[in-house]
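Chemist: Attaching a single structure in structure tokens format; questions to follow.
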Amino acid sequence: MSHLQLFDSQTRQNQPVKPIEGDTLGFYCCGPTVYGPAHIGNFRTFVMQDVFRRVAESTGLKVRHVRNITDLDDKTIRQSQEQSMSLGDFTSGWTEKFHADAEALNLLQPHVEPSAVEHIPEQIEMIETLIEKGYAYATDEGSVYFRVDSFEDYGRLSRLKEREITTGTEIAKSGGSVSEREDSDEYERDSAADFVLWKSRKDEDGPNYWDSPWGAGRPGWHLECSAMCKKHLGDSFDIHSGGEDLLFPHHENEIAQSECCNGATFVHHWFHITHLMVDAKKMSKSLGNLYTLADLDEKGHSAEVVRYVLLSGSYRQQLNFTLDSLDAAGSALRKLRDFQEKLGGEVAPNAAASAEAFGPFQPVLDALCLDLNTADALGKLFSIVKTTQKQLDSLSDDELEATRRGFAHSLYAFGFSLAATDEPATDIPAEVQEMAEQRWQAKADKDWAKCDELRDQIKAAGWVVKDSKDGFELEPA
RNA sequence: GGCGAGAUGGCCAAGUGGUAAGGCAGAAGUCUGCAAAACUUCCAUUCGCGGGUUCGAUUCCCGCUCUCGCCUCCA
Numbered sequence: 012m013s014h015l016q017l018f019d020s021q022t023r024q025n026q027p028v029k030p031i032e033g034d035t036l037g038f039y040c041c042g043p044t045v046y047g048p049a050h051i052g053n054f055r056t057f058v059m060q061d062v063f064r065r066v067a068e069s070t071g072l073k074v075r076h077v078r079n080i081t082d083l084d085d086k087t088i089r090q091s092q093e094q095s096m097s098l099g100d101f102t103s104g105w106t107e108k109f110h111a112d113a114e115a116l117n118l119l120q121p122h123v124e125p126s127a128v129e130h131i132p133e134q135i136e137m138i139e140t141l142i143e144k145g146y147a148y149a150t151d152e153g154s155v156y157f158r159v160d161s162f163e164d165y166g167r168l169s170r171l172k173e174r175e176i177t178t179g180t181e182i183a184k185s186g187g188s189v190s191e192r193e194d195s196d197e198y199e200r201d202s203a204a205d206f207v208l209w210k211s212r213k214d215e216d217g218p219n220y221w222d223s224p225w226g227a228g229r230p231g232w233h234l235e236c237s238a239m240c241k242k243h244l245g246d247s248f249d250i251h252s253g254g255e256d257l258l259f260p261h262h263e264n265e266i267a268q269s270e271c272c273n274g275a276t277f278v279h280h281w282f283h284i285t286h287l288m289v290d291a292k293k294m295s296k297s298l299g300n301l302y303t304l305a306d307l308d309e310k311g312h313s314a315e316v317v318r319y320v321l322l323s324g325s326y327r328q329q330l331n332f333t334l335d336s337l338d339a340a341g342s343a344l345r346k347l348r349d350f351q352e353k354l355g356g357e358v359a360p361n362a363a364a365s366a367e368a369f370g371p372f373q374p375v376l377d378a379l380c381l382d383l384n385t386a387d388a389l390g391k392l393f394s395i396v397k398t399t400q401k402q403l404d405s406l407s408d409d410e411l412e413a414t415r416r417g418f419a420h421s422l423y424a425f426g427f428s429l430a431a432t433d434e435p436a437t438d439i440p441a442e443v444q445e446m447a448e449q450r451w452q453a454k455a456d457k458d459w460a461k462c463d464e465l466r467d468q469i470k471a472a473g474w475v476v477k478d479s480k481d482g483f484e485l486e487p488a
């Protein structure tokens with residue numbers, strides 16, 4: 012049995028992954044904010060979380076996977092207002108889109124997918140507790156803030172003390188940039204570090220407000236995750252995950268809210284995924300390097316190819332995404348597909364796999380178990396594929412079966428389905444089709460000169476003929 | 001300014017105190033009427049630069065150069 016180790020951002024070490032209590036691992040992922048299409052950077056995080064779950068289950072662990080939908084925050088409200096849509100209609104559209112993308116990427120469905128608007132009462136309840144215990148205060152305007160000074164452990168995840176927090180002005184002076192802050196609803200805080208738990212109603216929120224003991228308003232963004240964690244995984248659970256940017260302040264604030272409210276250690280293991288770079292730069296709309304699955308699909312790249320690229324580097328490293336890397340990934344996947352065809356037979360991998368099922372592919376699982384080293388694991392996979400291929404003919408039935416099973420389980424762990432590629436259905440011009448058919452006839456007649464001539468003509472028309480035993484294929488040149 | 005990550009063959013990317021995985025691309029061959037695909041073989045005496053420790057360093061230590069990320073609501 013292989014034991015899964017995962018780097019923990021808080022202790023900055025690999026830690027064994029095992030449930031603190033019982034036999035099920037509580038696993039919470041900060042999900043997408045549904046205000047637009049998710050981009051491949053978002054998906055790097057979700058794909059890695061997916062691989063984590065697949066590997067954990069492959070080693071025999073049970074996982075309770077919770078991934079929320081953030082449908083209530085500044086962005087969803089602003090966008091829905093701008094588009095004159097109800098918040099619900101607006102977010103459900105983008106949620107559907109996210110689900111479609113997730114399915115295309117072969118992400119396992121979380122066991123629970125809670126949304127923020129469905130957890131308003133839970134959030135209000137937490138605020139009440141925090142006020143009662145003296146960790147939060149309401150302002151005259153009807154907002155509630157968390158008093159950061161009241162939680163002495165504040166900053167332990169992000170090492171706040173070591174980071175010598177500077178103010179926005181100082182950063183600006185030193186040439187750094189600092190995000191715009193919406194001070195309009197934050198000026199009445201006792202301390203600049205305090206963060207909002209409840210935002211009093213503002214005109215621009217439109218109809219999106221809820222009643223509370225402090226008046227109409229809505230919960231602060233950080234609180235939703237705390238509330239959903241508490242409800243679906245309890246006061247204390249195993250692993251909390253998200254993009255590296257969430258480490259501070261989002262996760263720091265979650266710890267503060269949850270631990271002060273619940274009086275228990277919030278999370279035992281923090282799993283943060285490093286950001287994806289595109290063409291060696293940070294993704295941004297202004298650079299035009301922010302890709303969605305739809306963008307890449309348009310360029311003829313399947314979601315599985317994207318998934319492969321996202322797994323080609325280690326998740327704690329900045330991975331540089333390029334369009335070229337998609338082509339390389341496509342070729343690599345084709346190689347795996349060919350191998351699968353050569354193996355023949357059918358094995359349906361499933362989550363109830365035991366580590367033994369990997370058989371000759373054990374090194375793949377071992378690599379994944381060491382902090383999800385997907386790059387190393389892919390290397391192991393290809394090595395084994397190569398050596399197996401050479402001895403394929405001399406394998407006994409049992410060995411062949413073990414190979415099939417091990418390969419299938421490896422694919423499952425990576426989340427590759429290797430479904431037959433859907434060739435882009437480009438319309439073939441009738442005259443090209445005609446020429447190709449003539450050529451096929453000429454070939455049957457062994458009229459090689461005519462064959463070659465037609466091949467050239469077809470090529471001139473921008474197409475390439477590829478023969479197989481039973482017929483030909485046309486592809487854009 | 002503070003904190004952090006990194007620099008490995010044409011590209012991507014692992015890794016280890018004992019002499020560089022894997023993928024892509026490229027080359028040759030088998031096969032094929034020719035192609036394509038597939039398969040086989042080849043492809044870094046070398047891991048940013050300069051020192052040091054060591055029998056031995058790409059891997060440990062020191063210095064330097066460069067790149068990149070984060071620094072309050074962006075996965």
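Plus 11 on top of the position in the first sequence (first one is 1) and you've got this note's numbering. Glycine included, each C-beta is placed from N, C-alpha and C at the ideal position.
Do Trp-221 and Gly-153 have their C-beta atoms closer together than 8 Å?
Modeler: Not in contact: Trp-221 and Gly-153 (Cβ atoms no closer than 8 Å).
Chemist: If Pro-371 and Ala-413 are in contact, beta carbons under 8 Å, what's the gap, nearest whole angstrom?
Modeler: Right, the Cβ-Cβ distance comes to about 6 Å (below 8 Å), so this counts as a contact.
Chemist: For Thr-303, name the three-state secondary structure that DSSP assigns.
Modeler: Strand at Thr-303.
Chemist: With DSSP as the reference, please indicate the residues paired to Thr-81 in a beta bridge.
Modeler: Partner(s): Thr-44.
Chemist: On the three-pair Cβ rule with 8 Å, is the segment 335 to 343 touching the segment 305 to 321?
Modeler: A contact exists between the segment 335 to 343 and the segment 305 to 321.
Chemist: Classify Trp-105: buried if its beta carbon has 16 or more other beta carbons within 10 angstroms, exposed otherwise.
Modeler: It counts as buried.
Chemist: In angstroms, rounded to a whole number, what distance separates the CA positions of Gly-231 and Phe-157?
Modeler: Cα to Cα, Gly-231 sits roughly 10 Å from Phe-157.
Chemist: What separation, rounded to the nearest whole angstrom, lies between the Cα atoms of Asn-219 and Ile-88?
Modeler: Rounded to the nearest angstrom, the two C-alpha atoms are 7 Å apart.
Chemist: To the nearest angstrom, report how far apart Arg-55 and Lys-401 are at their CA atoms.
Modeler: C-alpha separation (whole angstroms): 34 Å.
Chemist: Per DSSP, Thr-35 is paired with what?
Modeler: Beta-bridge pairing links Thr-35 to Lys-73.
Chemist: On the three-state DSSP scale, how would you describe Arg-212?
Modeler: The answer is coil: DSSP assigns Arg-212 none of H, G, I, E or B.
Chemist: May I have the straight-line CA-CA distance separating Leu-72 from Ala-472, to the nearest angstrom?
Modeler: Each residue's Cα considered, the two are about 56 Å apart.
Chemist: With DSSP as the reference, please indicate the residues paired to Gly-253 in a beta bridge.
Modeler: Its beta-bridge partners are His-283.
Chemist: Note down the Cα distance separating Asp-458 from Ala-430, rounded to an integer number of angstroms.
Modeler: The alpha-carbon atoms of Asp-458 and Ala-430 are separated by roughly 38 Å.
Chemist: Which residues share a DSSP beta bridge with Ala-147?
Modeler: Phe-157, per the DSSP bridge assignment.
Chemist: So the alpha helix (DSSP H) Asp-387 belongs to, where does it begin and stop?
Modeler: Counting along the chain, the alpha helix (DSSP H) containing Asp-387 begins and ends at 385 to 402.
Chemist: At what residues does the beta strand (DSSP E) containing Lys-477 begin and finish?
Modeler: First-last of the beta strand (DSSP E) with Lys-477: 474 to 478.
Chemist: Could you tell me which residues DSSP pairs with His-233 in its beta bridges?
Modeler: Its beta-bridge partners do not exist; DSSP assigns none.
Chemist: Taking its Cβ as the centre, do 16 or more other Cβ atoms sit within 10 Å of Leu-383, making it buried, or is it exposed?
Modeler: Result: buried.
Chemist: If you follow the beta strand (DSSP E) that Asp-19 is part of, which residue opens it and which one closes it?
Modeler: Here the beta strand (DSSP E) through Asp-19 covers 16 to 19.
Chemist: Does the segment 249 to 267 come close enough to the segment 276 to 285 that 3 or more CB-CB pairs lie under 8 Å?
Modeler: They touch, by the three-pair rule.
Chemist: Quick check on Pro-487: does DSSP put it in helix, strand or coil?
Modeler: Residue state, collapsed to three classes: strand.
Chemist: State the beta-bridge partners of Phe-206 as determined by DSSP.
Modeler: Answer by DSSP bridge pairing, in chain order: Phe-157.
Chemist: What span of residues does the alpha helix (DSSP H) with Asn-273 cover, start to end?
Modeler: Taken as a continuous stretch (DSSP letters only), the alpha helix (DSSP H) holding Asn-273 covers 263 to 273.
Chemist: By Cβ distance below 6 Å, which residues in the same chain neighbour Asn-331 in space, the five residues on each side in sequence not counted?
Modeler: Here the set comprises Met-288 and Ala-291.
Chemist: For Ser-20, which residues of its own chain have a beta-carbon under 6 Å away from its beta-carbon, when the five flanking residues on both sides are left out?
Modeler: Cβ neighbours of Ser-20 beyond the five flanking positions: Trp-281 and His-283.
Chemist: Between which two residues does the beta strand (DSSP E) holding Gln-468 run?
Modeler: First-last for Gln-468: 459 to 471, but that is the alpha helix (DSSP H), not the beta strand (DSSP E).
Chemist: DSSP beta-bridge partners for Pro-30?
Modeler: DSSP lists no partner for Pro-30.
Chemist: Mapping DSSP to helix, strand and coil, what is Lys-293?
Modeler: Note: Lys-293 maps to strand in three-state DSSP.
Chemist: What residue does the beta strand (DSSP E) around Phe-332 start on, and which one ends it?
Modeler: Start and end: 330 to 332.
Chemist: Going by the CB atoms, is the gap between Glu-124 and Arg-78 shorter than 8 Å?
Modeler: Their beta carbons are under 8 Å apart, which means Arg-78 touches Glu-124 by this criterion.
Chemist: Per DSSP, what are the beta-bridge partners of Gly-228 in this structure?
Modeler: DSSP, once it has assigned bridges, lists Ser-211 and Trp-221 as partnering Gly-228.
Chemist: Applying the 10 Å Cβ sphere with the 16-neighbour rule, what's the burial state of Thr-22?
Modeler: So Thr-22 counts as exposed.
Chemist: Tell me, to the nearest whole angstrom, how far the beta carbon of Leu-465 is from that of Ala-453; I am working on the premise that it is less than 8 Å.
Modeler: Between Ala-453 and Leu-465 the Cβ distance is about 7 Å, and since that is below 8 Å, they are a contact.
Chemist: Suppose you measure from the CA of Ser-325 to the CA of Lys-477; what does that come to, to the nearest Å?
Modeler: Approximately 37 Å, taken between the alpha carbons.
Chemist: Skipping 5 residues on each side, what residues in its chain have a beta carbon closer than 6 Å to that of Glu-484?
Modeler: Closer than 6 Å at Cβ, skipping near neighbours: Lys-477.
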